[in-house]
Every structure is written in structure tokens, then in C-alpha cells.
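Peer 1: Here the sequence shown is numbered in the numbering used here, starting from 18 and rising by one per residue.
Using N, Cα and C, we set each Cβ at its ideal position, and we do this for glycine too.
The structure follows.
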Amino acid sequence: MTSRFGFRPRLFPTLFTIPAVIMMLGLGTWQVQRLIWKTELIDQFEARVTSPAIAPPEITPDAFLATVEDWRYRHVEAEGRFLNDKELHLIGRTYKGNAGFHVLTPLVLDSGMTVFVNRGWVPQDRRRAPERPETLVEGETSVEGLIQQAGRKGYFVPENEPQNDIWFTVRPEAMAEFLGLEGPVAPYYIDELRPLDGKLRLPFGANREIEVRNEHLQYAITWYLLALTLIVVYVLWHRSMDKKEPEA
18 MTSRFGFRPR LFPTLFTIPA VIMMLGLGTW QVQRLIWKTE LIDQFEARVT SPAIAPPEIT
78 PDAFLATVED WRYRHVEAEG RFLNDKELHL IGRTYKGNAG FHVLTPLVLD SGMTVFVNRG
138 WVPQDRRRAP ERPETLVEGE TSVEGLIQQA GRKGYFVPEN EPQNDIWFTV RPEAMAEFLG
198 LEGPVAPYYI DELRPLDGKL RLPFGANREI EVRNEHLQYA ITWYLLALTL IVVYVLWHRS
258 MDKKEPEA
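Given below as C-alpha cells:
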């Protein structure tokens, strides 16, 4: 029996093609939904970065975790003093292909709470504080930065090894215990922003422009094109088979 499309559908190719096309269209639609969500999220983060800075929150770990999406990338300005002799170094950080570390320094706020500040990137040969005395800020200071969720790591990121001075992930409570810090510790950390003048000074702080990957449009187009391609192949194959078969 010939269909209205000018060919006679075969059972097995049809049983394969229809579910595959439905799946591809579904994945493409899902990627469109993800695109809308990611775009709104980026707009929200950018609005937070450009909004006036607020004081860092004094919040319990449970309360922060429950509202973490409200705090991520929040623009803050913290006032206190750095404990330069207590700085730690996040290993495996790069800057334009150059290996180095991120300098993580405890900042004791005027309220008495300690918050870890990721001051930015330094090269391998300037990892230790004595190798870059010009970067050590003494006395009362003000730090402008963005709140980041602590403890987040990828699947293949190793666990911290405090005994070997190897840190991959920011874990404020564990770091405070290792350093022997007293008093409350913020359950988050602050990424210090680069100066407004745009000049790079060690440590290289966080960029003021939010960089969040958003490739869902390409993924959606890819799935839709695959579905269209499969339909075209399905039709052309059937037509070629009909031409090869003798008419009854």
C-alpha cells in the first residue's frame, strides 16, 4: 500500500524512525527550555553584579544552603582585616594557559565573623606570600566581590589534602579548623573583583563580567536538524526502494 507521500512504508524502518524522530524533537524542545532558563539566570546574575554592593550576610550554613540561589553572585563589600599569615592556595588554577594558584585568605570582618576571600590568581613562582610582599594588604581594608557557594566541585576533582597543603575545593569550616581560626566562619566565600580601572595586579581577581556557558541554542538546533535529516533519509530510502521493486 502506497502512502499519500508517494511511497510504501516498510515496517522495521518505520518502527525505528518514528520513535527516534520523537526523541530528537523532544530533546530539541528540552534544550529550548534550558536556553530560556539559562538566559534568565544569566540576566539575573548580571543584575546582581551591577547592583550596589551590600554587606556580606551573617548566616548559618543551613540557612545559606536553603537560599543559596538567592546569594550566588551577589555583589558585596566586606570590611575587615586579612590574616595574611593564614592564606591557603587552591591548586590547579590557570590563567591564559599558565599554571598557578588562587590565593585564598581569611578576612576577619568588623563583626568578628571570618569569611574566606579568593583574592585571585598568581603564577607558580609567586605562590608564597614572601614572594609577593606587595600583594599583602595590612590593617583595615575593604573588599569588593561576589558571593560564591563553597564546597562545590566536579566529579573528577580530588578531595582536599590539608596535611599536604593541597586544596582543590573551598570548604570554609574544614579550612578554619586546619588554620586554627576562632569564631564564626561564613558558609560561603567571596571572589574578589578586579579593580574598576581594569589594570591587572597580582593576584588577578575575578572578572566583572559573568561568564556562564550557554550553548543550549546550538544543542537545540543540532537535535532538530538530526530529526529533519532522519525524516529526509527515511523518505528518500523508501522512494529508492519503490523504484527498484517491480510494480504489481
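Would Glu176 be called buried (16 or more neighbouring beta carbons within 10 Å of its own) or exposed?
Peer 2: On the sequence shown, residue 176 is found 159 positions in, with the first residue counted as 1. Classification for Glu176: exposed.
Peer 1: Would you kindly report the start and end of the unbroken beta strand (DSSP E) that includes Pro220?
Peer 2: Taking the sequence shown and counting its residues from 1, the one referred to as residue 220 is at position 203. Unbroken run through Pro220: none, as it is neither H nor E.
Peer 1: Any beta carbon of chain C sitting closer than 9 Å to that of Thr56?
Peer 2: Here chain C cannot be found, since the structure has a single protein chain.
Peer 1: Candidates Asp79, Leu58, Trp184 and Pro189: which alpha carbon is nearest Met130's?
Peer 2: Position 113 of the sequence shown holds residue 130. Answer by Cα proximity: Pro189.
Peer 1: What separation, rounded to the nearest whole angstrom, lies between the Cα atoms of Pro140 and Phe195?
Peer 2: Numbered from its first residue, the sequence shown carries residue 140 at position 123. Numbered from its first residue, the sequence shown carries residue 195 at position 178. Cα to Cα, Pro140 sits roughly 24 Å from Phe195.
Peer 1: Tell me Trp138's beta-bridge partners as DSSP assigns them.
Peer 2: On the sequence shown, residue 138 is found 121 positions in, with the first residue counted as 1. DSSP lists His119 and Phe221 as partners of Trp138.
Peer 1: Over what stretch of residues does the alpha helix (DSSP H) that includes Pro78 continue unbroken?
Peer 2: Here residue 78 is taken as the residue at index 61 of the sequence shown, counted from 1. Residues Pro78 to Ala83.
Peer 1: Extract the residue ranges of the beta strand (DSSP E) inside the region 33 to 64, only unbroken runs of 3 or more that lie entirely within it.
Peer 2: Fully contained in the region 33 to 64 is no beta strand (DSSP E) run of length 3 or more.
Peer 1: Nearest to Trp184 by CA position, among Arg143, Ile76, Ser128 and Ala167, is which residue?
Peer 2: Mapped onto the sequence shown, residue 184 falls at position 167. The shortest CA-to-CA distance from Trp184 to any of Arg143, Ile76, Ser128 and Ala167 is the one to Ala167.
Peer 1: If distances are taken between C-alpha atoms only, which option among His106, Trp138 and Arg25 comes closest to Arg211?
Peer 2: Here the question's residue 211 lines up with position 194 in the sequence shown. When the alpha-carbon of Arg211 is set against those of His106, Trp138 and Arg25, the nearest one is in Trp138.
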